[in-house]
Amino acid sequence: MDNQQIKHIIEAALMSFEEPLSVHHLKQLFDEEAVSGTDINRALEQLNEDYAERGIEVQQLSKGFRLQTRPQMQSWLDNLRQKKPRKLSRALLETLALVAYRQPITRGEIEDVRGVAVSSKIVHYLMDKEWIEEVGHRDAPGKPALLGTTDEFLNYFNLKSLQELPALAEIKDFESLEQSLDFSEHSTQ
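Have a look at this one:
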């Protein structure tokens, strides 16, 4: 199988699936063919080169690769949307930031830092969005749940890992955190 055909098959797969596809998953496209991980990585690089001057890109995320619109195209795409993206509340952003930066963390620890109770609606919303999940239980009275971020959190905010989060020392307030991580209720897909 030639490189051009491999590239076209991978491009079609990336267009067809909403979730990121790993090299392992992409290799499954070629179960009868002798296509290596190197061949797939080369095809992904070629696709990115093909898209260099276009409005889409192949983005590598924690769980694999996906085809998406470039972030700088978002303002034009927003013109097509009927409704404005829902802004996330300050309480929700604070809760999400605490989970992201201090995970694993309990709800009680979040309340201690914030100085107010964490609404069940906020925790349920973040879990429904699959941005956080229970990652265990603290060995303490009541066995409180430990919360951590998910791969979906990383994918939504175009992060390969938590190390790409801005350093806490760089963040002066939550408005700058919101701008640097694009905490709006829309995706760049």
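For the sequence shown, the working numbering assigns the number 83 to the initial residue and increments by one for each residue that follows.
Beta carbons are placed, not taken as given, at the ideal position from N, Cα and C, and that holds for glycine.
If we ignore side chains and look at the alpha-carbon of each, how far apart do residue 230 and residue 141 end up? Here residue 230 refers to the residue found at position 148 when the sequence shown is read from its first residue. Here residue 141 refers to the residue found at position 59 when the sequence shown is read from its first residue. As the crow flies, the alpha-carbon of residue 230 is around 23 Å from that of residue 141.
For residue 143, the nearest candidate out of 246, 248, 237 (CA to CA): Locating residue 143 in the sequence shown gives position 61, where the first residue counts as 1. Among 246, 248, 237, the Cα nearest to that of residue 143 is on 237.
Ignoring anything shorter than 4 residues, give me the alpha helix (DSSP H) runs that lie fully in the stretch 157-208, in order along the chain. Within the stretch 157-208, the complete alpha helix (DSSP H) runs of at least 4 residues are 172-184, 189-196.
Would you decide whether residue 158 is buried or exposed? Buried here means 16 or more other CB atoms lie within 10 Å of its CB. The count along the sequence shown starts at 1 and reaches residue 158 at position 76. By the C-beta density criterion, residue 158 is exposed, having fewer than 16 other C-beta atoms within 10 angstroms.
Are the beta-carbon atoms of residue 213 and residue 244 separated by less than 8 Å? As a first step, residue 213 is located in the sequence shown; it is residue number 131 there, counting from the start. As a first step, residue 244 is located in the sequence shown; it is residue number 162 there, counting from the start. The answer is no: Cβ separation not under 8 Å.
For the alpha helix (DSSP H) that residue 124 lies in, which residues bound it at each end? Walking along the sequence shown from the start, residue 124 turns up at place 42. Start and end: 119-132.
One question on the structure: do residue 173 and residue 247 come within less than 8 Å of each other, judged by their Cβ atoms? Here residue 173 refers to the residue found at position 91 when the sequence shown is read from its first residue. Here residue 247 refers to the residue found at position 165 when the sequence shown is read from its first residue. The Cβ atoms of residue 173 and residue 247 lie no closer than 8 Å to each other.
Enumerate in chain order the residues of its own chain whose CB-to-CB distance from residue 109 is below 7 Å, with the five nearest sequence positions on each side excluded. Looking up residue 109 in the sequence shown gives position 27. Correct list, in chain order: 117, 119, 122.
Span of the beta strand (DSSP E) around residue 143: On the sequence shown, residue 143 is found 61 positions in, with the first residue counted as 1. Its beta strand (DSSP E) spans residues 138-143.
By DSSP, does residue 116 sit in helix, in strand, or in coil? The sequence position of residue 116 within the sequence shown is 34, counting from 1. In the structure shown, residue 116 sits in coil (DSSP, three-state: anything other than H, G, I, E or B).
Out of curiosity, what's the CA-to-CA distance linking residue 97 and residue 197? For the purposes of this step, residue 97 is taken as the residue at position 15 of the sequence shown. For the purposes of this step, residue 197 is taken as the residue at position 115 of the sequence shown. Taking the CA atoms as reference points, residue 97 sits about 45 Å from residue 197.
Closest by CA to residue 239, which one among 192, 152, 191? Start at 1 with the first residue of the sequence shown, and residue 239 comes out as number 157. Ranking 192, 152, 191 by Cα distance to residue 239 puts 152 first.
In three-state terms, what does DSSP make of residue 270? On the sequence shown, position 188 is the one that residue 270 refers to. Its pLDDT being 40, under 50, residue 270 is placed unreliably in this model, and the value from its coordinates should be taken loosely. Coil at residue 270, not helix or strand.
How about residue 233 and residue 145: do their beta carbons lie closer than 8 Å? Your numbering for residue 233 matches position 151 in the sequence shown. Your numbering for residue 145 matches position 63 in the sequence shown. In this structure, residue 233 lies near residue 145, with their beta-carbon atoms less than 8 Å apart.
Looking only at C-alpha atoms, which of 154, 241, 135, 95 sits nearest to residue 126? On the sequence shown, residue 126 is found 44 positions in, with the first residue counted as 1. Of all alpha-carbon atoms in 154, 241, 135, 95, the one lying nearest the alpha-carbon of residue 126 is that of 95.
Does the Cβ-Cβ distance between residue 208 and residue 219 come in under 8 Å? The residue given as residue 208 occupies position 126 in the sequence shown. The residue given as residue 219 occupies position 137 in the sequence shown. No, the Cβ-Cβ distance between residue 208 and residue 219 is not below 8 Å.
Residues that residue 219 bridges to, as DSSP identifies them: Indexing the sequence shown from 1 puts residue 219 at position 137. According to DSSP, which records beta bridges pairwise, residue 219 is partnered with 227.
Do residue 150 and residue 138 count as a contact pair if the criterion is CB distance below 8 Å? Along the sequence shown, read from residue 1 onward, the residue named residue 138 stands at position 56. Along the sequence shown, read from residue 1 onward, the residue named residue 150 stands at position 68. Yes, Cβ-Cβ distance for residue 138 and residue 150 is below 8 Å.
Taking the straight line between their C-alpha atoms, what separation do you get for residue 235 and residue 187? Your numbering for residue 235 matches position 153 in the sequence shown. Your numbering for residue 187 matches position 105 in the sequence shown. Rounded to the nearest angstrom, the two C-alpha atoms are 16 Å apart.
Which term fits residue 103, buried or exposed, when burial requires 16 or more other beta carbons within 10 angstroms of its beta carbon? As a working note, residue 103 is residue 21 in the sequence shown. When all chains shown are included, residue 103 counts as buried.
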